[in-house]
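Beneath this line is the structure, given in structure tokens, with notes to follow.
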Amino acid sequence: MDLSAIDPLILIASLMVAATPILLAAIGELVVERAGVLNLGVEGMMIIGAICGFAIAVNTGSPFLGFIAAAAGGAALSLIFGVLTQYLLSNQVATGLALTLFGLGLSSLLGQSYVGIKPPATPSLNIPLLSDLPVIGPVFFQHDLMVYVSIGLIAATWAVLKYSRTGLILRAVGENHDAAHALGYKVVRIRMVAIAFGGACAGLGGAYLSLVRVPQWTEGMTAGAGWIALAIVVFASWRPWRVMLGAYLFGGVTILQLNLQAAGAVIPVEYLSMSPYLITILVLVIISRSAQGAPAALGRIFHASH
Amino acid sequence: MLRLEKRPSPSRMWTALTPVLAVLLTMIAGGMLFAALGKDPFEAIRIIFWDPLFHETFGPYSRPQLLVKAAPLILIAIGLSLGFRAGVWNIGAEGQYIIGAICGAGAGLAFYPSDSIFIYPLMVVAGALGGFAWAMIPAILRTKFNTNEILVSLLLVYVAEQLVASMALGLLRNPDGMGFPGSRNFRDFPAAYNPELIANTGMHWGVVAAFIAVIFAYVLLSRHLLGFQIRVTGQSPKAARFSGVNPNYLILFCMGVSGALAGLAGLFEVTGPAGQISIDFNVGYGFVAIIVAFLGRLHPVGILLAGLLLALTFIGGELAQLMLGLPAAAIQAFQGMLLFFLLAVDVLSNYRIRLAKSEAA
Numbered sequence: 001m002d003l004s005a006i007d008p009l010i011l012i013a014s015l016m017v018a019a020t021p022i023l024l025a026a027i028g029e030l031v032v033e034r035a036g037v038l039n040l041g042v043e044g045m046m047i048i049g050a051i052c053g054f055a056i057a058v059n060t061g062s063p064f065l066g067f068i069a070a071a072a073g074g075a076a077l078s079l080i081f082g083v084l085t086q087y088l089l090s091n092q093v094a095t096g097l098a099l100t101l102f103g104l105g106l107s108s109l110l111g112q113s114y115v116g117i118k119p120p121a122t123p124s125l126n127i128p129l130l131s132d133l134p135v136i137g138p139v140f141f142q143h144d145l146m147v148y149v150s151i152g153l154i155a156a157t158w159a160v161l162k163y164s165r166t167g168l169i170l171r172a173v174g175e176n177h178d179a180a181h182a183l184g185y186k187v188v189r190i191r192m193v194a195i196a197f198g199g200a201c202a203g204l205g206g207a208y209l210s211l212v213r214v215p216q217w218t219e220g221m222t223a224g225a226g227w228i229a230l231a232i233v234v235f236a237s238w239r240p241w242r243v244m245l246g247a248y249l250f251g252g253v254t255i256l257q258l259n260l261q262a263a264g265a266v267i268p269v270e271y272l273s274m275s276p277y278l279i280t281i282l283v284l285v286i287i288s289r290s291a292q293g294a295p296a297a298l299g300r301i302f303h304a305s306h
Numbered sequence: 307m308l309r310l311e312k313r314p315s316p317s318r319m320w321t322a323l324t325p326v327l328a329v330l331l332t333m334i335a336g337g338m339l340f341a342a343l344g345k346d347p348f349e350a351i352r353i354i355f356w357d358p359l360f361h362e363t364f365g366p367y368s369r370p371q372l373l374v375k376a377a378p379l380i381l382i383a384i385g386l387s388l389g390f391r392a393g394v395w396n397i398g399a400e401g402q403y404i405i406g407a408i409c410g411a412g413a414g415l416a417f418y419p420s421d422s423i424f425i426y427p428l429m430v431v432a433g434a435l436g437g438f439a440w441a442m443i444p445a446i447l448r449t450k451f452n453t454n455e456i457l458v459s460l461l462l463v464y465v466a467e468q469l470v471a472s473m474a475l476g477l478l479r480n481p482d483g484m485g486f487p488g489s490r491n492f493r494d495f496p497a498a499y500n501p502e503l504i505a506n507t508g509m510h511w512g513v514v515a516a517f518i519a520v521i522f523a524y525v526l527l528s529r530h531l532l533g534f535q536i537r538v539t540g541q542s543p544k545a546a547r548f549s550g551v552n553p554n555y556l557i558l559f560c561m562g563v564s565g566a567l568a569g570l571a572g573l574f575e576v577t578g579p580a581g582q583i584s585i586d587f588n589v590g591y592g593f594v595a596i597i598v599a600f601l602g603r604l605h606p607v608g609i610l611l612a613g614l615l616l617a618l619t620f621i622g623g624e625l626a627q628l629m630l631g632l633p634a635a636a637i638q639a640f641q642g643m644l645l646f647f648l649l650a651v652d653v654l655s656n657y658r659i660r661l662a663k664s665e666a667a
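Taken in sequence, the protein lines are chains P and G.
At position 87 of the first sequence (counting the first as 1) the number is 87 in my numbering, and the numbers step up by one without a gap.
Quick note: to get my numbering, add 306 to the position in the second sequence (first position is 1).
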């Protein structure tokens, strides 16, 4: 094994790319869960985003339009979940699972004619001055737009949740929907918006996988990324900046094990490939011992009967 | 404006009718999906639901497949339904199924080419224990550290998939297989093979086990204190606690039983219909079993019927692939849709729909 082949700087640069899909999906799910809704369909929405984004980007030649379509596709799928759980009062765990199963099936149906095609390249940004900095420039400032969009979304979510009235209402709905309802807030409508936002973010994350990270379309290509995003929300104790920390840690593990595979480590490839999942479980265990901060109404059905 | 009014207890009539309604709605929506793919919807639905059983040329081949495909679905779904009733969400049955197959196959292959009659029972025990142990990971993490069992059990599916690939390429690879991945084929190892018990019926030991599991679950839920505790915990965790239910014990029990049953399903599959451990051994029975459990209303007899129905969609899907060129993924989407419609129409059994004048909220 040749460990010297692993360059820490390239490692950090590729870590940011590896973390972005999960970061996008996780920040969307964070907003959904802060509104008191548990959507386990992240995996399904991600893969629908992956194929919608891929198909539109290939057909129009524009990755930008691809990302827009991915967000729309993810949001559309999430609205099925929204209607079922918010208006027809179905069990959120079961409905989320249905979303994942349906999304996986539908995506491979949609993606049949796209296997083996290369998508148009998503350009990296060239920020004047910053990109030209030695060492730091190539590592942090020569990525594509979506990497910065994802970080921007974290900052925006944090600011909105913490400082704005909208954020306060959203949190109220997530902590105690009966009280929020009594105060006159439209619990169901607020939750529907949060669910659609979560779907759009998951769609973006999926498209980032198929358009930038891989970049290719294969069936079931999300390979558990949506579930890891769900785990990262728990790891983050429902706080935006910790989501970023969790996603980047996870990105680091993924990239490190890929580098070890390439460097010809003595550990068989399959065992390295399972390490990100095992580490996610390990982190979940450590954090769950003292886990605080779950929204009080998370996963509970709201029905304004009184 | 339509208004929902909660029923004091779920309507019995609608509880029985909603699965049928959901299947009908899925047929309509699925027909529209097939029409969008450029296939004749009526022909597609007929090929999926009717031809596997009654077609002149395909029927005789497809009919036995019904039990072969239904057995793992029913076996896994029975286990899952116990947990789902108690609010314990084991959604990693696919992983427990894989590990059961690996452990059972490994135990048998260790004694190749013995012809002792004890080999197969030993493999069955090893398969059940494998699935049980894999399910104990999320169960113990949940009871000791309060870790979410949904996420852990699901993430372990990906770990199990990597593990089966590594087994097919390494430890369990056929030494006489000229380097190809995959274990020895159990067809060449009679003492460890799970044969068709009655010719042309598809009946094998897994089917027998599935029927036993249905009866066992029925008795447990209707006649046994533990079954009562499971039902109470699902309906009101607080009331269950006051009545002396130990929630941690219940989590371990539900996860353990569902893991062991999924492991058994994997063992019967690998020694029979699949024949060997291969890289892509699992085909998603563990996930479809979730649909089976809900479609069967978490009731043993319902699960039996739902398992047969979803087995039919698997076989019909293959037939439609052959006759219409319908993509395999279309059936997957169809099965997902079924769960959606089921959850959607469930509102009818829990709520009354009333017409109401809109009033200031």
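Cβ coordinates follow ideal geometry from the N, Cα and C atoms, glycine included.
Bear in mind that the values here come from a model prediction, so they are computed numbers and not experimental data.
Per the coordinates, the alpha-carbon of phenylalanine 64(P) lies some 50 Å from the alpha-carbon of serine 317(G).
In this structure alanine 231(P) does not touch leucine 23(P) by the C-beta definition: roughly 13 Å separates them, more than the 8 Å allowed. Burial check for arginine 191(P): the Cβ neighbour count within 10 Å reaches 16 or more, so the residue is buried.
Listed along the chain, the chain P residues whose CB falls inside 8 Å of the CB of valine 653(G) are Leu88, Leu89, Ser90.
With at least 16 other beta carbons inside 10 angstroms of its own, aspartate 652(G) counts as buried. The DSSP-derived three-state label of leucine 654(G) is helix. Annotated three-state conformation of leucine 133(P) is coil, per DSSP. Excluding the 5 residues flanking it on each side, phenylalanine 364(G) has same chain C-beta neighbours closer than 8 Å at Asp357, Pro358, Leu625, in chain order. Glutamate 311(G): member of the beta strand (DSSP E) spanning 308-312, first to last residue. Inclusion of leucine 573(G) and glycine 389(G) in the CB contact set at 8 Å is not warranted, their separation being larger than that value.
Serine 124(P) sits in a strand when the DSSP states are folded into three classes. With contacts defined by Cβ atoms closer than 8 Å, threonine 332(G) and leucine 654(G) do not form a contacting pair.
Listed by position along chain G, the residues whose Cβ is nearer than 9 Å to that of glutamine 142(P) form an empty set, because the closest Cβ is around 32 Å away. Taken through DSSP and simplified to helix, strand or coil, aspartate 346(G) comes out as coil.
Taking a C-beta distance under 8 Å as the contact criterion, asparagine 500(G) and glycine 483(G) do not qualify as a contact pair. Non-local C-beta neighbours of leucine 373(G) in its own chain, meaning closer than 7 Å and more than five positions away in sequence, comprise Thr507, Gly508, Met509, Val513, ordered along the chain.
Closer than 8 Å to the CB of alanine 231(P) there is at least one CB belonging to chain G. In terms of Cα proximity to isoleucine 583(G), the closest of Asn491(G), Leu644(G), Glu311(G) is Asn491(G). Aspartate 144(P) is bridged by DSSP to Ser124(P). Residue contact check for asparagine 554(G) against chain P: no CB pair falls below 8 Å. Within chain G, the C-beta atoms nearer than 7 Å to that of alanine 94(P) come from Phe600, Leu649, in chain order. Secondary structure at leucine 661(G): strand, using DSSP grouped into helix, strand and coil. Distance check between alanine 474(G) and each of Asn588(G), Met629(G), Thr619(G) places Asn588(G) closest, using alpha-carbon atoms only. Runs of the alpha helix (DSSP H) lying entirely within the stretch 158-227 of chain P and spanning at least 4 residues, in chain order: 165-175, 177-182, 187-208. For leucine 460(G), the C-beta contacts it makes with chain P under 7 Å involve Trp227, in order along the chain.
Taken atom to atom, the span from the alpha-carbon of glycine 622(G) to that of methionine 643(G) is near 16 Å. CA-to-CA, the gap between serine 275(P) and proline 444(G) works out to about 17 Å.
Here the C-alpha atom of isoleucine 425(G) lies approximately 53 Å from the C-alpha atom of alanine 70(P). Taking CB atoms only, tyrosine 464(G) has a neighbour in chain P less than 8 Å away. Residues of chain G whose Cβ lies closer than 8 Å to the Cβ of alanine 223(P) are, in chain order, Tyr464.
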